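Asker: Structure provided below as structure tokens; questions to follow.
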Amino acid sequence: MPLPSPTADLDRAEVDLLTHGYCIVADALSEAEVASLRGRLVEQAAAERRAGLAYEFGELSRDAGGENFTIPVAAEVDIPKHQFIGVLINKGTVFRDLVSHPVSDRTATALLGADWVLSAYDGSIVRPDGPQQALHTDQWWMPRPQARNQRQRPPGDVRRGEFHGTDIGPEDKLIAPAVSCTVGWTLTEFTAENGATRVVPGSHLSGEEPDPAQDYDNEAVCVEAPEGAMIMWDARTWHGMGKNRTEQDRIAINTVYNAPMARTQINWQVALLPDIREEASPELLARLGYMAWGGYYGRVGAADGDIARAQDVIGELA
Ligand SMILES: O=C(O)CCC(=O)C(=O)O
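Using my numbering, the first residue of the sequence shown is number 5, and each one after it goes up by one.
Structure (structure tokens):
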């Protein structure tokens, strides 16, 4: 099978995702949608910088557990080389509308099932000379299959950076399924020169994390895509942002989707601004995990299909 290239054929995109661990859908966004998403994102990014609230990515520590993935930009830096603009759900109607985009919905549903929830939602501006990220997966926390006579690694003890280079086994070795995936919405073209995402095709089926000490230059390919594309990668796929060697910004939005049993990166019940919560459609609230899934008893929103509402909360009764 040839490696993925931009396509408008959603069936092919699905096969690419399952086979190679990533896919590229061209023209997923119209020119007008790109312009309004990019305009709002750039405006928000500038305002966060002025307010001293800008974040950029930090080095992924090589010591298991030493995660330091986003850091506030030091006060003396005028413009960070890479800027994350987090929790976009609160930062514009255009971002809220994107959550239910039919192309990402269809492709995420093919991988995770129809009840996926939004896990994280960030803007990402890689500026000239913006650095290359170490390859990583977005599902490093997933408990791995184990031999039945083995004592289990307590799942809550797993830390980013574990599980690399230890036991890649035979073809029929059991591996964990994907329970998460990420979309990169390209608001500018992605090229090898401007820091297109690097991925190792097929790595989603390795059952391993990449070794942080290696750069994988021989295995990784750049996911080149036109403006307005939807790139999706399986969370097990080894990937990372490339270095921007051009004079222009590489601008994207990253939306992370989880299967409904996996805890989301962002606690939306805390993060969602109250006025946005009030206005949000039941469909959006369901994607933000306000709907019970697989619940058992009659507690708040415990029945499948119920959206948890403040008025459903029962306190101490006498
Ligand atoms: O934006 C990209 O190219 C990849 C981003 C990424 O992998 C991350 O932020 O963890």
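All residues carry an ideal CB built from backbone N, CA and C; glycine is no exception. All figures in this text were calculated on a predicted structure; none of them were measured in a lab.
Look up Thr201 in the DSSP assignment and say whether it is helix, strand or coil.
Answerer: Three-state DSSP puts Thr201 in coil, outside helix and strand.
Asker: Does the beta-carbon of Leu165 have 16 or more other beta-carbons within 10 angstroms, so that it is buried, or is it exposed?
Answerer: The amino acid at residue 165 is misidentified as Leu; the sequence shows Gly. It counts as buried.
Asker: The alpha helix (DSSP H) with Ala256 in it runs from where to where?
Answerer: Where Ala256 is concerned, there is no enclosing alpha helix (DSSP H), although the beta strand (DSSP E) it sits in stretches over 254-262.
Asker: What are the boundary residues of the alpha helix (DSSP H) that includes Gln273?
Answerer: Looking at the DSSP string, the run of the alpha helix (DSSP H) that includes Gln273 is 272-275.
Asker: Work out the CA separation of Gln143 and Arg313 for me, nearest whole Å.
Answerer: Answer to the nearest angstrom: the Cα atoms are 30 Å apart.
Asker: In terms of residues, what are the limits of the beta strand (DSSP E) holding Val130?
Answerer: Where Val130 is concerned, the enclosing beta strand (DSSP E) stretches over 121-130.
Asker: Taking Ile28 as the reference, give the member of Ser9, Leu22, Ser40 with the closest Cα.
Answerer: Checked all of Ser9, Leu22, Ser40; the closest Cα to Ile28 is Ser9.
Asker: Does the beta-carbon of Ala335, which I'm using as the reference point, lie nearer than 8 Å to any heavy atom of ligand 1?
Answerer: Here the chain has residues from 5 to 322 only, and residue 335 is not among them.
Asker: Is Asn248 near ligand 1, in the sense that its beta carbon is under 8 Å from a heavy atom of that ligand?
Answerer: For ligand 1, not one heavy atom lies less than 8 Å from the Cβ of Asn248.
Asker: Is the beta carbon of Trp237 sitting closer than 9 Å to the one on His208?
Answerer: In contact: Trp237 and His208 (Cβ atoms closer than 9 Å).
Asker: With a threshold of 8 Å, establish whether the CB of Met245 neighbours any heavy atom of ligand 1.
Answerer: Yes - ligand 1 has a heavy atom lying nearer than 8 Å to the Cβ of Met245.
Asker: Classify Glu60 as helix, strand or coil using the three-state DSSP reduction.
Answerer: Three-state DSSP puts Glu60 in a strand.
Asker: Quick test of your reading: Gly232 and Leu21, contact by CB under 8 Å. State the CB separation rounded to the nearest angstrom.
Answerer: In fact, because the Cβ distance is near 19 Å, the residues do not count as touching under 8 Å.
Asker: Is it right to say Asn271 is buried, meaning 16 or more other beta carbons lie within 10 angstroms of its own, or is it exposed?
Answerer: It is exposed - the Cβ of Asn271 has fewer than 16 other Cβ atoms within 10 Å.
Asker: Hey, Ala36 and Ala12: beta-carbon distance below 9 Å or not?
Answerer: Contact: no.
Asker: Are Ala124 and Gly160 touching if we call contact CB-CB under 9 Å?
Answerer: Contact: no.
Asker: Can you say whether Asn399 is buried or exposed, counting buried as having 16 or more other CB atoms within 10 angstroms of its CB?
Answerer: Within the shown structure, residues of the chain are numbered from 5 to 322, placing residue 399 beyond reach of any answer.
Asker: Quick one: what does DSSP say Val77 is sitting in, helix, strand or coil?
Answerer: Looking at Val77 - three-state DSSP - the assignment turns out to be coil, as it is neither helix nor strand.
Asker: Any idea what DSSP makes of Thr23, helix, strand or coil?
Answerer: Helix, per DSSP.
Asker: Specify, as a first and last residue, the run of the beta strand (DSSP E) that Asp238 falls within.
Answerer: From DSSP, the beta strand (DSSP E) with Asp238 extends over 234-238.
Asker: Have a look at Pro278, Gln218, Gly244 and flag the residue whose alpha-carbon is nearest the alpha-carbon of Ala200.
Answerer: Selected option, being the one with the closest Cα: Gly244.
Asker: Pick from Asn222, Val227, Ala284: whose alpha carbon is nearest that of Glu193?
Answerer: Among Asn222, Val227, Ala284, the Cα nearest to that of Glu193 belongs to Val227.
Asker: Would you call the region 209-220 in contact with the region 134-142, where contact means no fewer than 3 C-beta pairs closer than 8 Å?
Answerer: Taking 8 Å as the limit for Cβ pairs, the verdict is that the region 134-142 does touch the region 209-220.
Asker: With respect to the beta strand (DSSP E) encompassing Thr186, which residues constitute its N-terminal and C-terminal limits?
Answerer: Element bounds for Thr186: 184-190.
Asker: If you reduce the DSSP assignment to three classes, tell me which class His140 lands in.
Answerer: Residue state, collapsed to three classes: strand.
Asker: How big is the Cα-Cα spacing for Leu321 and Tyr300?
Answerer: Roughly 22 Å between the two C-alpha positions.
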